[in-house]
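Numbering (this note's numbering), first residue to last: 285 to 668.
And the structure:
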C-alpha cells in the first residue's frame, strides 16, 4: 500500500504565507530563493543549466515536464544552476532517441531539490499579482513555524553578487560550434574572422557557440577582467554575456565597460544589456516579476518587425534614463512596453534584454550576431 502521507511529505512556503504539500522528484534536502515562473513549453534542461537562474527557484507553467528526458548535448553549463525546481507533473516515463537519462534521475544526481504536485497556475497568479517573492522548500515534514523560520533566513535576490559564483576562473579560447542541427543558420560571410573578447557573467554555452558559428574567434574572460587585460587581446569587439543577480552591485565590471565604450564595438545581452546601460549612466530597476520564458514578443522600432524571443531577467533599464544618457531605444517588449534593446551610437555599442541565441526558444533574433559582426567589420577594432 502506498503511504500517501510520506508521498506528500515535501512542503513549501511562499513569502505571502501560503503553504503547499508536494511530492519530491529530486534530491532530498531543503533550499530557498526567489521564485520565478517560466512559460517555455519545452527546453527544461536548458532552463535548469542557465547560470542566470542562480539563486532562483524555477516554476514551469507548462503542466507536464520531463516527457523527453535529458541529453548531455542540451546543457548550457556544467550541470543545473537553479536553486530549486517546481512542476505540476513529472512525466512518469520519457521518450526520445537522444535521451540519456530521466529528468528525475538527473535532478537527484545533481543534488537539485525539486517538487511536483504544485498548483503552478495558482503560484504564477500570486507572483504576477504580488510580485517577486522568496520561497523555501523542503523534503522533510517540518512544522508551519519551522517553515516560516527557514523562509525568513532566505536571502533576498536584490543586493547579491551572484556573478562571482558562476563566472569562469581564467581566460581561454572558445572554439566549439553547434553539434546539432537544432539551431539557426549562422554561416559566416567572408573569410575574415573578427576577434571577440567575451565576458562571462554566467554565460550560456549557446552564446559562445553562436559567436563561433557566425565566424568569430572567441576568447572568454572572467567577469572581473580589467580594461588593460581586455585590450591586450587586441579585440575587434567585446561581448557582454547574460548572468544572474543584481547588476547594480557589479561596480568594477561597470567601470571596465565604461572604459571600453568607444574603443571597440560592444554587444550585450540580458545582464550584459543592463551593465552596458549602467556604464552609459542609465538607471536599473527591479521588475515586479521579471520575464522568464521563450515566447515574449518584442518589436524592433527600426523595422517595425515583431520577434518572438527567449527572456530571463528580473531587472530592467528605464527608458528615460537611457535617453538622458544619450542612448537610443531600439526594441520594446510588447507585453509591458519595457525596454528590450538600446544603442549607444557614439560608442558603437548596442544590447538587447533577451537571448538571441535562444536555447530554448525561437531563432527570430539570431540576426543580432550577424549585426555584431557587421559592426566589427565597419569599425576599427584594436585587432584590426
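Virtual Cβ for every residue (Gly too), placed ideally from N, Cα, C.
Q.
Quick check for students: name the residue ranges of the beta strand (DSSP E) that lie wholly in the stretch 537–572, counting only runs of 3 or more.
A. 550–553
(Q) By the DSSP assignment, the beta strand (DSSP E) with residue 398 in it spans what residues? (A) 398–400
(Q) Since residue 363 and residue 394 should fall inside the 8 Å C-beta cutoff, what is the C-beta to C-beta distance between them, to a whole number of angstroms? (A) 5 Å
Q) How far does the alpha helix (DSSP H) with residue 452 in it reach, from first residue to last? A) Residue 452 -> no alpha helix (DSSP H), and no H or E assigned at all.
Q. Does DSSP classify residue 410 as helix, strand or coil?
A. Correct three-state label for residue 410: helix.
Q) Which runs of the beta strand (DSSP E) spanning at least 3 residues fall entirely within the stretch 596–667, listed in chain order? A) 612–617, 623–628 and 633–636
Q. Looking at C-alpha atoms only, which residue of 321, 332 and 655 is the closest neighbour of residue 410?
A. Taking only the C-alpha atoms, the option nearest residue 410 is 321.
Q | Residues bridged to residue 338 [DSSP beta-bridge criterion] | A | Answer is none; residue 338 lacks a bridge partner.
**Q.** Inter-residue spacing [alpha-carbon to alpha-carbon] between residue 491 and residue 641
**A.** Roughly 6 Å between the two C-alpha positions.
Q) What is the DSSP secondary structure of residue 286, counted as helix, strand or coil? A) Note that residue 286 scores 41 on pLDDT, short of 50, meaning its location in the model is unreliable and no value can be drawn from it.
Q) Of the choices 370, 340 and 317, whose alpha-carbon is the least far from that of residue 307? A) 370
(Q) When you compare the CB positions of residue 483 and residue 505, do they come within less than 8 Å of one another, or not? (A) yes
Q: Since I believe residue 639 is in contact with residue 594 (beta carbons under 8 Å), could you give me their beta-carbon distance rounded to a whole number of angstroms?
A: 4 Å
Q: From the DSSP output, in three-state form, read off residue 531 for me.
A: Residue state, collapsed to three classes: helix.
Q. Tell me which same chain residues have a C-beta within less than 8 Å of the C-beta of residue 545, skipping the five on either side of it?
A. 563, 564, 628, 631 and 633
Q) Taking C-alpha atoms, which residue in 571, 495, 603 and 617 lies nearest to residue 654? A) 495
Q) Count the other CB atoms within 10 Å of the CB of residue 458; is the residue buried (16 or more) or exposed (fewer)? A) By the beta-carbon neighbour count (other beta carbons within 10 angstroms, threshold 16), residue 458 is buried.
Q. Per the contact definition of three or more C-beta pairs closer than 8 Å, is the stretch 537–552 in contact with the stretch 498–517?
A. yes
Q.
Can you tell me where the beta strand (DSSP E) holding residue 435 begins and where it ends?
A. No beta strand (DSSP E) contains residue 435, which is instead part of the alpha helix (DSSP H) from 428–436.
Q.
Just to confirm the assignment, what range does the alpha helix (DSSP H) spanning residue 309 have?
A. No alpha helix (DSSP H) contains residue 309, which DSSP labels as neither H nor E.
Q: Leaving aside the five residues before and after residue 615 along the sequence, list all residues of the same chain whose C-beta is less than 7 Å from its C-beta, in chain order.
A: 582, 583, 584, 585, 624, 625 and 636
Q | the stretch 445–458 touching the stretch 421–437, judged by at least three CB pairs closer than 8 Å | A | no
Q. Which residue from 315, 324, 345 and 355 puts its Cα closest to that of residue 338?
A. 315
Q) When burial is assigned at 16 or more other CB atoms within 10 Å of the CB, is residue 521 buried or exposed? A) buried
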